[in-house]
Amino acid sequence: MRFAGLTGELHLPGVGGPAPAVVALHPAGGASRDHFLFLHLARVLPPRGVAVFRFDRRAGAADRFDEQSADALAAVATLAARPEIDAKRIGLWGFSQGAWVAPLAASRSRNVAFLILVGACGVTPAAQMRWGTSVQLRREGYAADVERMLAARRAWEGFERGALARDSAQKIIGDVVREPWFPLAFVPPVLPAAPGRWPTMDFDPAPILARARVPVLAFFGDEDEWVPIDESIAALRGASIRDLTIVRLAGTKHHPTLGGGTDHPIAPEYERTLTAWLDDRTGARTYTRSR
256 MRFAGLTGEL
266 HLPGVGGPAP
276 AVVALHPAGG
286 ASRDHFLFLH
296 LARVLPPRGV
306 AVFRFDRRAG
316 AADRFDEQSA
326 DALAAVATLA
336 ARPEIDAKRI
346 GLWGFSQGAW
356 VAPLAASRSR
366 NVAFLILVGA
376 CGVTPAAQMR
386 WGTSVQLRRE
396 GYAADVERML
406 AARRAWEGFE
416 RGALARDSAQ
426 KIIGDVVREP
436 WFPLAFVPPV
446 LPAAPGRWPT
456 MDFDPAPILA
466 RARVPVLAFF
476 GDEDEWVPID
486 ESIAALRGAS
496 IRDLTIVRLA
506 GTKHHPTLGG
516 GTDHPIAPEY
526 ERTLTAWLDD
536 RTGARTYTRS
546 R
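Using the numbering used here, the first residue of the sequence shown is number 256, and each one after it goes up by one.
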């Protein structure tokens, strides 16, 4: 299925008539429509009366939230024009970076009926990466080097913002580039000639979440190693979202799987809550029974 120069796949319920739909949005490191969490949606939701649309992310759009949100809304518009889909019951499901993009898209259109956010982050990408890389260093036994790592990250951030000259930033990074923990810092060893590699680093999700006028279901892994979940939950609650459901998944990390690995089983609580919430908010189960 083609739309806006992109390719996707639509999974429809095995019943006639207009059905609600979920559009799946990508994590930073997963541009394919075959991400395992997308495939899980496609396997679980259509039998319950909810269509699923998964597509390949636009090339080069990984850190360009405006482009990603525009593509998300193009997907919504494409589905809304199809007779099998109920245009008033199309929502966005976003994982990790996609959970930043989904609220942004919803804030720009009245055609998004609900949001499902998995591993959502309520702080800026720059703050999230400082937090997440600190966790990685401590986990790998480099707790004593966290401040040096953060100095390198802040040097890169300062260069990207135009607040620190390239030579100054490169010197700070060069001082630690040969450390065994440096790959865990996710800092480029050699800075580009000019800023612009990370345009979304200071994207603030808080005011975007505050404009969410639709039901929101948010999942957080109790042991998330990349997202500061307490701050993120506080941001969601502070947004005064009228219909907000927050679920902390025991035994999961950033992915909603038992143990956190991509090859681990999906957490039963995630699947159970996801399907029950969609049944309640979209009437999908009632619809399928009535057929």
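Even glycine gets a Cβ: it sits at the ideal position worked out from N, Cα and C.
So what does DSSP say about Lys343, is it helix, strand or coil? Against the sequence shown, residue 343 aligns to sequence position 88. Here Lys343 sits in strand by DSSP.
Could you round the C-beta distance between Val331 and Val277 to whole angstroms and report it? I think they count as a contact, below 8 angstroms. Numbered from 1 along the sequence shown, position 76 holds the residue referred to as residue 331. Numbered from 1 along the sequence shown, position 22 holds the residue referred to as residue 277. Actually they are not in contact, since the Cβ atoms of Val331 and Val277 sit about 11 angstroms apart, beyond 8 angstroms.
Using only the alpha-carbon positions, how far apart do Ser545 and Val299 sit? Here residue 545 refers to the residue found at position 290 when the sequence shown is read from its first residue. Here residue 299 refers to the residue found at position 44 when the sequence shown is read from its first residue. Unreliable placement is indicated for Ser545, whose pLDDT of 42 sits below 50; no coordinate value is reported for it.
Give the secondary structure of Ala279 by DSSP, where H, G and I count as helix, E and B as strand, and everything else as coil. Reading the sequence shown from its first residue, position 24 is the one you call residue 279. In the structure shown, Ala279 sits in a strand (DSSP, three-state: E or B).
Which term fits Lys426, buried or exposed, when burial requires 16 or more other beta carbons within 10 angstroms of its beta carbon? In the sequence shown, residue 426 corresponds to position 171, counting from 1. So Lys426 counts as exposed.
In whole angstroms, what separates the C-alpha of Arg319 from that of Ala361? Working through the sequence shown from its first residue, we reach residue 319 at position 64. Working through the sequence shown from its first residue, we reach residue 361 at position 106. Rounded to whole angstroms, the gap between the alpha carbons of Arg319 and Ala361 is 16 angstroms.
Same chain only: Cβ atoms within 8 angstroms of Ala448, ignoring 5 sequence neighbours per side: Walking along the sequence shown from the start, residue 448 turns up at place 193. The residues are Arg421.
Measure the alpha-carbon distance for Leu533 versus Glu478 and round it to whole angstroms. Working through the sequence shown from its first residue, we reach residue 533 at position 278. Working through the sequence shown from its first residue, we reach residue 478 at position 223. Cα-Cα distance, rounded: 25 angstroms.
Alpha carbon of Arg536 to alpha carbon of Leu372, nearest angstrom: For the purposes of this step, residue 536 is identified with residue 281 of the sequence shown, where counting begins at 1. For the purposes of this step, residue 372 is identified with residue 117 of the sequence shown, where counting begins at 1. Going by C-alpha positions, Arg536 is about 15 angstroms away from Leu372.
With a 10 Å radius around its C-beta and 16 neighbouring C-beta atoms as the bar for buried, classify Glu238 as buried or exposed. This structure leaves residue 238 out entirely; the chain is present only between 256 and 546.
CA-CA distance, Ala329 and Trp355? Reading the sequence shown from its first residue, position 74 is the one you call residue 329. Reading the sequence shown from its first residue, position 100 is the one you call residue 355. Between the alpha carbons of Ala329 and Trp355 lies a gap of roughly 17 angstroms.
Beta-carbon proximity list for Ser351, same chain, < 6 angstroms, skipping 5 on both sides: Translated into positions along the sequence shown, residue 351 becomes position 96. Same-chain partners within the cutoff: Pro282 and Gly374.
Report back the beta-carbon spacing between Leu280 and Gly353 to the nearest angstrom; my notes put them in contact at under 8 angstroms. As a working mapping, residue 280 is identified with position 25 in the sequence shown. As a working mapping, residue 353 is identified with position 98 in the sequence shown. Taking a contact as a CB-CB distance under 8 angstroms, the pair Leu280 and Gly353 counts as one, their CB atoms being some 3 angstroms apart.
Suppose you measure from the CA of Ala418 to the CA of Ile428; what does that come to, to the nearest Å? As a first step, residue 418 must be located in the sequence shown, where it is residue number 163. As a first step, residue 428 must be located in the sequence shown, where it is residue number 173. Cα to Cα, the separation comes out at about 16 angstroms.
Can you have a look at Ile494 and say buried or exposed, based on whether 16 or more other CB atoms are within 10 angstroms of its CB? Numbered from 1 along the sequence shown, position 239 holds the residue referred to as residue 494. The sequence given here has Ala at residue 494, not Ile. Residue environment for Ala494: buried (at least 16 other C-beta atoms within 10 angstroms of its C-beta).
Taking the alpha-carbon of Asp518 as reference, which of Arg303, His295 and Arg288 has the nearest alpha-carbon? Within the sequence shown, numbered from 1, the residue matching residue 518 stands at position 263. The residue with the shortest Cα to Cα distance from Asp518 is His295.
Chain-order list of residues whose beta-carbon lies under 8 angstroms from that of Ala492 (same chain, five-residue window excluded): The residue labelled residue 492 in the question sits at position 237 within the sequence shown. According to the sequence provided, residue 492 is Arg. The question's Ala does not apply to it. These residues qualify, in order along the chain: Leu499 and Ile501.
By Cβ distance below 7 angstroms, which residues in the same chain neighbour Glu322 in space, the five residues on each side in sequence not counted? One-based indexing of the sequence shown puts residue 322 at position 67. Within its own chain, the residues whose Cβ lies closer than 7 angstroms to the Cβ of Glu322, once the five positions on either side in sequence are excluded, are Arg313 and Ala316, listed in chain order.
Can you list, in chain order, the stretches of the alpha helix (DSSP H) that have 4 or more residues and sit fully within the segment 338 to 409? The qualifying runs are 353 to 362 and 380 to 394.
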